[in-house]
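Enquirer: Residue numbers (our numbering): 6 to 380. Positions of the beta carbon are idealized from the N, C-alpha and C atoms, including for glycine.
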Amino acid sequence: MPAPAFSELVGQLTEAFGQHPDAMRPTPEGFLLKTTDDFLYAFLEDPAQVSLSIVQGLLREVEDRPSRLVVFSPGRLPLALTAELAAKGATVVDGARFHELVIGLNLGSYLGEEPRAVPERPGTRQLPSARQLDEVVVRARTWLDWGVPALALRFFRQALELKPEFAPARNGVARSLLALGLTPDAQKIFHEVLETWPDNLEARVGLAAAAGASGKPGEEIAIYRQLIEEDPKRTEVRANLVAALVDAGRWSEVAPELKVMLSASPEDARLRFLHGAALEKTGHEVEGKRELERARALGLEFETERALSQHLGLPAPVRPAGGPRRVVVSTPGKVTGAPAAGSRPEPSRRKRRKVRRTRSASAPRRPSRRRGKAK
């Protein structure tokens, strides 16, 4: 049976998730919790005691929708088990991610760590209920940004319990569902938001992303174009449009959209690279190669270029001889050279992923097949 300290920690986590501890049921490996929104949370104390048969048993409990399974463990699960869960679409929060969750909820003492002080943010509201709502929403958005939509969903739902008609929380629930691959559920909530707030931009962008996730790129593109027609300054929407056009292979429409974006951000290396790719795809090889050279001069890193080229079906770049590329940076009075690659840590996997739009916090992500993999 689980150790008393772990049992106490799971009880505290359950309450922090807005659930009742008496809804848990013990197992030889830990505890199982079936939430009110049909998610199954499995708290496994010792990863070394978890076998493939145990994981398969958990998956059978959510056989219809395996993305509704969330596995927690203070240690790292074996890679083979993590891969099995990820392949089915389940979420794994183990090791460092589990510790981050516990500390973020100020429960670090259960893991032998000092509680982390919550920093005071500018503009923090005075009413305790308002502060609590702000903290829950920030927590939800953080986990969504970190690629753990199952946890983000839990906290967005908690925010709705605090304030049922809070549009950002309702949109957050829908975005989390969309990231989990539960597209029909997400669409339903986006429509509900628009029934109350017909001009809500986040919900309209969410419906576009949901259309794309449902295999309807034409509908997705049409929604983005309508939003841009209403307000051409919606840069984040135009970025979403570019990504949708790239995914659909409509390169003749990509180039003019990128040209508009470059007029506002002429030194964006990635935009330059994409513009060059669009030019090459539409038969303007010379102009395309020139844009590629400009992107490199602006600091496009080799690994980033290789990942982008692979996704776009372009020839793989050749690593430059003589070490990292150097980019010349002009400043008043002098010219200096500095390494463009290797001078900062390698970008995270998330930032190097397939060509995706530059997203604002309100732009829902499309579901990822890598969801649930331990980071």
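1) Output the residue ranges of the beta strand (DSSP E) runs that lie fully inside the stretch 162-246 and measure 3 residues or longer, sorted by chain position.
2) Hey, LEU38 and MET29 are a contact pair by Cβ (cut 8 Å); roughly how many whole angstroms apart?
3) For LEU116, write down the residues that DSSP places opposite it in a beta bridge.
4) Cβ of LEU284 within 8 Å of Cβ of ALA260?
5) If we count the other Cβ atoms within 10 Å of its Cβ and call it buried at 16 or more, is ASP150 buried or exposed?
6) THR87 by DSSP, collapsed to three states: which one?
7) Given a cut-off of 8 Å, decide if LEU279 and LEU263 are closer than it, judged by their beta-carbon atoms.
8) Alpha carbon to alpha carbon, how far is VAL323 from ASN176? Give it in angstroms, no decimals.
9) Report buried or exposed for VAL291, applying the criterion of at least 16 other Cβ atoms within 10 angstroms of its Cβ.
10) Is LEU49 closer than 8 Å to VAL76 when the C-beta atoms are compared?
11) Answer with buried or exposed for ARG102, where buried requires no fewer than 16 other C-beta atoms within 10 angstroms of its C-beta.
12) Considering only residues of the stretch 14-85, which uninterrupted beta strand (DSSP E) runs meet the minimum length of 3 residues and lie entirely inside it, listed in chain order?
13) Is SER181 closer than 8 Å to PRO154 when the C-beta atoms are compared?
14) Tell me whether ASP99 sits in a helix, a strand or coil according to DSSP, three-state version.
15) Among GLU200, ALA248, ASP236, which one has its Cα closest to the Cα of ALA213?
16) Confirm, please, whether the CB-CB distance from VAL55 to GLU86 is below 8 Å.
17) Assuming the contact rule is C-beta atoms closer than 8 Å, ARG162 and ASP42 should be a hit. Round their C-beta distance to whole Å, please.
18) Could you pull out every residue in the same chain whose Cβ sits closer than 6 Å to the Cβ of GLU225, ignoring the five residues on either side in sequence?
19) Please report the residue range of the alpha helix (DSSP H) in which VAL291 lies.
20) Based on Cα-Cα distance, which residue from LYS238, TYR115, GLY293 lies nearest to SER268?
21) Is the separation between the beta-carbon of ARG243 and that of VAL210 shorter than 8 Å?
22) So, helix, strand or coil for SER257, using DSSP?
23) Since PRO83 and PRO52 are thought to touch, with beta carbons under 8 Å apart, how far apart are those beta carbons, to the nearest angstrom?
24) For GLY384, count neighbouring C-beta atoms within 10 Å of its own C-beta (all shown protein chains included) and say buried if the count is 16 or more, exposed if not.
25) Do TRP148 and ALA172 have their CB atoms nearer than 8 Å?
26) DSSP three-state call for ASP252: helix, strand or coil?
27) Quick one: is LEU74 buried, meaning 16 or more other Cβ sit within 10 Å of its Cβ, or exposed?
28) Considering only residues of the same chain and omitting the five flanking positions on each side of SER78, which have a CB-CB separation below 7 Å?
29) Around the Cβ of ALA10, are there at least 16 other Cβ atoms within 10 angstroms (buried) or fewer (exposed)?
Expert: In this structure, then:
1) Qualifying beta strand (DSSP E) stretches: none in this window.
2) Against the sequence shown, residue 38 aligns to sequence position 33. Against the sequence shown, residue 29 aligns to sequence position 24. In this structure, LEU38 and MET29 form a Cβ contact; the two beta carbons are roughly 5 Å apart against a cut-off of 8 Å.
3) In the sequence shown, counting from the first residue as 1, residue 116 sits at position 111. Partner(s): none; LEU116 has no beta bridge.
4) Here residue 284 is taken as the residue at index 279 of the sequence shown, counted from 1. Here residue 260 is taken as the residue at index 255 of the sequence shown, counted from 1. For the pair LEU284 and ALA260, the CB atoms are nearer than the 8 Å cut-off.
5) Residue mapping note: residue 150 aligns to position 145 of the sequence shown, counting from 1. ASP150 is exposed by the Cβ-count criterion.
6) Locating residue 87 in the sequence shown gives position 82, where the first residue counts as 1. THR87 falls in the helix class under three-state DSSP.
7) Working through the sequence shown from its first residue, we reach residue 263 at position 258. Working through the sequence shown from its first residue, we reach residue 279 at position 274. Cβ atoms of LEU263 and LEU279: closer than 8 Å.
8) Taking the sequence shown and counting its residues from 1, one reaches residue 176 at position 171. Taking the sequence shown and counting its residues from 1, one reaches residue 323 at position 318. Spanning the two alpha carbons is a distance of roughly 43 Å.
9) Taking the sequence shown and counting its residues from 1, the one referred to as residue 291 is at position 286. So VAL291 counts as exposed.
10) Stepping through the sequence shown from its first residue, residue 76 is reached at position 71. Stepping through the sequence shown from its first residue, residue 49 is reached at position 44. Yes, Cβ-Cβ distance for VAL76 and LEU49 is below 8 Å.
11) To locate residue 102, count along the sequence shown from 1; it is residue 97. Under this definition ARG102 is a buried residue.
12) If you keep only unbroken beta strand (DSSP E) runs of at least 3 residues inside the stretch 14-85, you get 29-32, 35-39, 45-49, 74-78.
13) Position 149 of the sequence shown holds residue 154. Position 176 of the sequence shown holds residue 181. Between PRO154 and SER181, the gap from beta carbon to beta carbon is short of 8 Å.
14) Walking along the sequence shown from the start, residue 99 turns up at place 94. Strand.
15) For the purposes of this step, residue 213 is taken as the residue at position 208 of the sequence shown. If we check each option's Cα against that of ALA213, ALA248 comes out closest.
16) Sequence index remark: in the sequence shown, residue 86 carries index 81 (1-based). Sequence index remark: in the sequence shown, residue 55 carries index 50 (1-based). Residue identity differs from the one stated: residue 86 is Leu in this sequence, not Glu. Their beta carbons are under 8 Å apart, which means LEU86 touches VAL55 by this criterion.
17) For this step, residue 162 is matched to residue 157 along the sequence shown. For this step, residue 42 is matched to residue 37 along the sequence shown. With a Cβ gap of about 6 Å, ARG162 and ASP42 count as contacting.
18) On the sequence shown, position 220 is the one that residue 225 refers to. ALA213, ALA216, GLY217, ALA249.
19) The residue given as residue 291 occupies position 286 in the sequence shown. DSSP places VAL291 in the uninterrupted alpha helix (DSSP H) bounded by 290-302.
20) Mapped onto the sequence shown, residue 268 falls at position 263. Comparing Cα-Cα distances from SER268 to each of LYS238, TYR115, GLY293, the minimum goes to LYS238.
21) One-based indexing of the sequence shown puts residue 243 at position 238. One-based indexing of the sequence shown puts residue 210 at position 205. Against a cut-off of 8 Å, the Cβ pair of VAL210 and ARG243 comes out as no contact.
22) Residue numbering aside, residue 257 sits at position 252 when the sequence shown is read from its first letter. Three-state DSSP puts SER257 in a helix.
23) By 1-based counting over the sequence shown, the position of residue 83 is 78. By 1-based counting over the sequence shown, the position of residue 52 is 47. With 8 Å as the limit, PRO83 and PRO52 qualify as a contact, their Cβ atoms being about 7 Å apart.
24) Only positions 6 to 380 of the chain appear in this structure, which leaves residue 384 out of reach.
25) Position 143 of the sequence shown, counting from 1, holds the residue named residue 148. Position 167 of the sequence shown, counting from 1, holds the residue named residue 172. A distance of 8 Å or more separates the beta carbons of TRP148 and ALA172.
26) Counting from one through the sequence shown, the residue named residue 252 turns up at place 247. The answer is helix: DSSP assigns ASP252 an H, G or I state.
27) As a working mapping, residue 74 is identified with position 69 in the sequence shown. When all chains shown are included, LEU74 counts as buried.
28) Numbered from 1 along the sequence shown, position 73 holds the residue referred to as residue 78. Excluding sequence positions up to five before and after SER78, its CB lies within less than 7 Å of the CB of LEU49, PRO52, ASP99, PHE103, all in the same chain and listed in chain order.
29) For the purposes of this step, residue 10 is identified with residue 5 of the sequence shown, where counting begins at 1. The residue is exposed, with fewer than 16 neighbouring Cβ atoms inside 10 Å.
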